[in-house]
């Protein structure tokens, strides 16, 4: 829960839009949940890569568990966990710009990367220090607040989906109107062509 909250806080401070904040927090949450479930513990490290272009947030999640013996099946979408899900790692990969995983008998390491939004000016070392200090000062929320936060994120996502569906329906109506106009224009052109042929 704390890793999810930290990911969302950092994404917010980096000015990711709300949907990207949710994607980032969800991906981190899924990988950390796997580490906790299968290894019992792990570490999460958030880094800002200010040298790369585009700049990016790099999140490393490591555990010292038994490793993932069926990693190829997991990554290929052929594995089903005992919970019936088996989508955590694959789902997290889809939510990120880049994803890497190494797993062996001494543990698993997952690296998630998300590019900074293109609309945001390049971050500086001073900006990174400010973000780190801000995160240190924000106390992690309790379970109830986290559930409320996730519910709000879900409602925002549903609202955005509904808005996009309405936009799509509007565009479809415009396209239908345009198609009818094109059909009428062709009919008029055919009629004029017939008149020209008769006149000829």
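Residue numbers (the numbering used here): 455 to 654. Backbone N, C-alpha and C fix where the C-beta goes; we use that ideal spot for every residue, glycine too. All values derive from a computational prediction rather than experimental measurement.
{"Asked": "Residue interval of the alpha helix (DSSP H) (run including residue 483)", "Found": "472-493"}
{"Asked": "Cut-off 8 Å between Cβ atoms - residues of its own chain near residue 574, not counting five sequence neighbours on either side", "Found": "468, 469"}
{"Asked": "Short Cβ contact (9 Å threshold) for residue 490 with residue 464", "Found": "no"}
{"Asked": "C-beta atoms of residue 479 and residue 607 nearer than 9 Å", "Found": "yes"}
{"Asked": "Span separating the alpha-carbon of residue 539 from that of residue 642", "Found": "Low per-residue confidence applies at residue 539: pLDDT is 48, beneath 50, and the placement is therefore not dependable, though the value from the model is reported in the following sentence. Cα-Cα distance, rounded: 58 Å."}
{"Asked": "Within 9 Å, strictly: CB atoms of residue 503 and residue 556", "Found": "no"}
{"Asked": "Simplified DSSP state of residue 574, which is helix, strand or coil", "Found": "coil"}
{"Asked": "Rounded C-alpha distance that separates residue 532 from residue 526", "Found": "8 Å"}
{"Asked": "Exposure of residue 638, with buried meaning 16 or more beta-carbon neighbours within 10 Å", "Found": "exposed"}
{"Asked": "Through-space distance from residue 611 to residue 517, alpha-carbon basis", "Found": "31 Å"}
{"Asked": "Residue 543, DSSP secondary structure in three states", "Found": "helix"}
{"Asked": "C-alpha distance - residue 534 paired with residue 542, whole-angstrom precision", "Found": "11 Å"}
{"Asked": "Anticipated Cβ contact below 8 Å, residue 434 with residue 457, distance rounded", "Found": "The question about residue 434 has no answer here: the residues shown for the chain are numbered 455 through 654."}
{"Asked": "Residues near residue 549 by beta carbon distance below 7 Å, same chain, minus five either side", "Found": "477, 480, 481"}
{"Asked": "Residue 528 versus residue 486: straight-line alpha-carbon distance, rounded", "Found": "16 Å"}
{"Asked": "Straight-line Cα distance separating residue 461 from residue 488", "Found": "16 Å"}
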